[in-house]
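Residue numbers (mature numbering (1 follows the signal peptide of the UniProt record, and there is no 0)): -19 to -1, 1 to 375. Everything on this sheet refers to the single structure shown next.
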Amino acid sequence: MAMRYLGPSILAAATLARAVVIDLPIISQNTYTSVEVEIGTPPKTYRLLLDTGSATSWVTSAACENTTACPNLSHYTRVGYEKTSTAKDLNAYSFIGFIDGDGISGHATQDVFTIPGSTTPVTWNQTFISANTSSWRFITADGFLGLGFASIAEKNTSTLVETLMQDDLLDEPRFAIFYGTTDIDEDTGANPDGRLTIGGSHENIYVEGSMNYAPLRQESPFQLWRTPLRSIIVNTGKTPGNGTNTSSTTEKNVTLNPTRNGRAVFDTGAGRISLPSEIAGGIYSQLGWSLPGLLQGSARWTCDAFNSTWGITFVLGDGAVSDDVHLEIRGDELLNSVCQPPFDDSGVQGFALLGRQLLGRYYTVYDFGGSNVNIYKPKIGFGRLKKEFDYLHV
């Protein structure tokens, strides 16, 4: 049985009197993954969805809750942010658009954020957006916790982790995610056992074997947790398709290469896996399926196709092949509740978007490589979970 973390904890670091490692329980509900933080004076508790695909954190305002400006069909009762005695208006208004078409808009604000702890709570001034419009009607949260890089943050705002780093509040310039083994129990209210760690990582607890680190693409400035994508390998012991694909090119192990500029974005705010548009059809073909047929309804993905006889491997790297990182996921690890096809077409050549469907199979560490933007050497670490922390085994 996996360990349960019933509340946030703060571990004092030995090197700096103020440096800490923050552990926050992850709440997984209706496929959305969030943590709780306190905002304002006096503080109120808000749920924020983890999103490495954006930078500026935001919270829906009290003025827009229960209105058409911020529809809520999630069955989660949102708090609604109101300016408190420590709030400061930063004189900027922003709109954030997201890749799936949703968006929010609102005023840049600064207020006190607090992570409560058993000894001394961590408190700091944090910038975010108080949103007076939001089309995120289904999320079981009050807003987003942006975990991308501050270079893409909205005007007059910065990211939460980088703010903590630059205030010398963290033990290490990194954060890590264990998604947990279960979702929230709607009947009993019991929380799942996932954990977001800020300022450190716990691979010694969760990981079987060693971590494998992939450096980010060289960009100036860094924007997202984006690595080079060399290729995708389709591994098939036997083809899981239903015979609707008549291609004679299906082989046991095939490597498909993005035509140019291959890159993979690791996005905790995304649920699924999206493949580069020029090879998405080829991957389905190697699995015995026709992507056009699946999209048009002439073929239907079946639940029994989610089995361990096949898998795909994302090969990350653009330097020496010996330095490449291989991320593998089997067909049975991709099973979803409605048995829909496991991969989407990203609609962009060379671009893969890797969300919780893949990330949930690993313990992931997002390491900035330095506390100052001028010395960042960011990388992402991946570790296979021990059986007691793997939802397929507990």
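Note that beta-carbon positions come from the ideal geometry of N, C-alpha and C, so glycine has one too.
Checklist entry - In chain order, what residues of the same chain have a beta carbon less than 7 Å from the beta carbon of GLU309, not counting five sequence neighbours either side? => result Residue mapping note: residue 309 aligns to position 328 of the sequence shown, counting from 1. Cβ neighbours of GLU309 beyond the five flanking positions: GLY292 and THR294.
Checklist entry - What's the gap between the Cα of GLY180 and the Cα of LEU151? => result For the purposes of this step, residue 180 is taken as residue 199 along the sequence shown, with counting starting at 1. For the purposes of this step, residue 151 is taken as residue 170 along the sequence shown, with counting starting at 1. Answer to the nearest angstrom: the Cα atoms are 5 Å apart.
Next on the checklist: Can you tell me where the beta strand (DSSP E) holding SER86 begins and where it ends?
Outcome noted: Position 105 of the sequence shown, counting from 1, holds the residue named residue 86. Element bounds for SER86: 84 to 96.
Checklist entry - Going by the beta-carbon positions, is the gap between GLN330 and LEU315 smaller than 8 Å? => result As a position in the sequence shown, residue 330 is number 349, starting the count at 1. As a position in the sequence shown, residue 315 is number 334, starting the count at 1. No.
Next on the checklist: Check whether the stretch 181 to 194 and the stretch 356 to 367 touch, using three or more Cβ-Cβ pairs below 8 Å as the test.
Outcome noted: The count of Cβ pairs closer than 8 Å, one atom from the stretch 181 to 194 and one from the stretch 356 to 367, reaches three, so the stretches are in contact.
Checklist entry - If you run the structure through DSSP and keep just helix, strand and coil, what is GLN107? => result Reading the sequence shown from its first residue, position 126 is the one you call residue 107. Strand, per DSSP.
Item to check | Contact check, TYR194 vs ILE361, beta carbons under 8 Å | outcome: Residue mapping note: residue 194 aligns to position 213 of the sequence shown, counting from 1. Residue mapping note: residue 361 aligns to position 380 of the sequence shown, counting from 1. For TYR194 and ILE361, yes; Cβs fall inside 8 Å.
Checklist entry - Going straight from the alpha carbon of SER327 to that of ASN242, what length do you get? => result Here residue 327 refers to the residue found at position 346 of the sequence shown. Here residue 242 refers to the residue found at position 261 of the sequence shown. SER327 and ASN242: Cα-Cα distance of roughly 14 Å.
Next on the checklist: Please classify LEU237 as buried or exposed, where buried requires at least 16 neighbouring CB atoms within 10 angstroms.
Outcome noted: Looking up residue 237 in the sequence shown gives position 256. LEU237 comes out buried.
Next on the checklist: At 3 residues or longer, what runs of the beta strand (DSSP E) sit wholly inside the stretch 119 to 204?
Outcome noted: 124 to 127, 155 to 159, 175 to 179 and 193 to 196
Item to check | Local Cβ density within 10 Å of residue 429, reported as buried at 16 or more and exposed below that | outcome: Within the shown structure, residues of the chain are numbered from -19 to 375, placing residue 429 beyond reach of any answer.
Item to check | residue 413 versus ASP92 - alpha carbon distance | outcome: With the chain covering -19 to 375 only, the question about residue 413 has no answer from this structure.
Next on the checklist: Considering only the alpha carbon of each residue, which of ASN53, LEU29, GLN267 and SER9 lies closest to ASN234?
Outcome noted: The residue labelled residue 234 in the question sits at position 253 within the sequence shown. Closest option to ASN234, Cα to Cα, is GLN267.
Checklist entry - How big is the Cα-Cα spacing for SER75 and THR208? => result Reading the sequence shown from its first residue, position 94 is the one you call residue 75. Reading the sequence shown from its first residue, position 227 is the one you call residue 208. Their Cα atoms are separated by approximately 28 Å.
Checklist entry - Can you tell which of GLY269, ILE264 and TRP206 has its C-alpha closest to the C-alpha of SER35? => result Taking the first residue of the sequence shown as 1, we reach residue 35 at position 54. Nearest option by C-alpha distance: TRP206.
Item to check | PRO257, DSSP secondary structure in three states | outcome: Taking the sequence shown and counting its residues from 1, one reaches residue 257 at position 276. Note: PRO257 maps to coil in three-state DSSP.
Next on the checklist: To the nearest angstrom, how far is the alpha carbon of ASP123 from that of THR114?
Outcome noted: Position 142 of the sequence shown, counting from 1, holds the residue named residue 123. Position 133 of the sequence shown, counting from 1, holds the residue named residue 114. So the alpha carbons of these two residues sit roughly 12 Å apart.
Item to check | 8 Å Cβ shell around LEU54 - same chain, five flanking residues per side excluded | outcome: Counting from 1 along the sequence shown, the entry for residue 54 is found at position 73. Closer than 8 Å at the Cβ level, and outside the excluded window around LEU54, lie ARG118 and PHE119.
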